[in-house]
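Before any comments, here is the structure.
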Amino acid sequence: MKKFAVTTLLALAAVAAMADNHGMPPGIAKKMAHCDNCVLVQDVQHEKHKGEGGAVGILAGAAAGGLLGHQVGKGTGNTLATVGGAVAGGFAGNEVQKRVSSKDVWITTVKTRDGSLMKFQQETPPAWKSGSIVKVHGSTLVAHQ
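Here it is in structure tokens:
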């Protein structure tokens, strides 16, 4: 019975310590206590963000679609095919440009000393992982020494 009581008291003490540190383990909170801008990495996710479309993709697609559409039919049908091909080609060209200009990004979620979560995005793979302590430098994160 005494072992149960001791184990329960230790568990309650650990929970109380984590509550005082806004849910952070005491060892992590202690390491962060000496660093004003330090935060704890909660998660790092890789995402692919679609790029921007634009006039280049639209015009190139419209020209190609118009040329292909012009090969179909005669008279009014030819005119409709040319216009339809240009419209469809413009839409397709815009989508192709979005895919070509897409980029990989890494989203890092961190927990601050007060327990709030923040997200940071960067285009290069980060040097940290979940559980690492990093520094907030302006709007970016840097590895903590």
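Using the working numbering, the letters of the sequence shown map in sequence onto residues -13 to 131.
The C-beta atom is built at its ideal place from N, Cα and C for all residues, glycine as well.
These numbers come from a predicted model, not from an experiment.
| Check | Outcome |
| --- | --- |
| Please check the pair C24 and K121, which I expect to be a contact at CB under 8 Å, by giving their CB distance rounded to whole angstroms. | 6 Å |
| Beta carbon of G79, beta carbon of G43: below 8 Å? | yes |
| Thinking C-beta only, is L103 closer than 8 Å to T95? | yes |
| Any idea if V27 is buried or exposed, counting beta-carbon neighbours within 10 angstroms, 16 or more meaning buried? | buried |
| Secondary structure at H56, three-state DSSP: helix, strand or coil? | helix |
| Helix, strand or coil for E81, going by three-state DSSP, please let me know. | helix |
| Quick one: any contact between the region 37 to 55 and the region 110 to 124, if contact means 3 or more CB pairs under 8 Å? | no |
| CA-CA distance, G75 and G61? | 21 Å |
| Does the Cβ-Cβ distance between S88 and G37 come in under 8 Å? | yes |
| For T65, which of helix, strand or coil comes out of DSSP? | helix |
| Do you know offhand how far V1's Cα is from Q83's? | Residue placement at V1 cannot be trusted, given a pLDDT of 48 that sits under 50; what the coordinates show is reported in the next sentence. Near 53 Å, if we compare the C-alpha coordinates of Q83 and V1. |
| For H56, which residues from the same chain have a beta carbon less than 8 Å from its beta carbon, with the 5 sequence-adjacent residues on both sides left out? | N64, A67, T68 and G71 |
| With distances taken between CB atoms, is the gap from Q108 to V128 smaller than 8 Å? | no |
| For G39, which residues in the same chain have their Cβ closer than 6 Å to its Cβ, ignoring the five residues on either side in sequence? | N80, Q83 and K84 |
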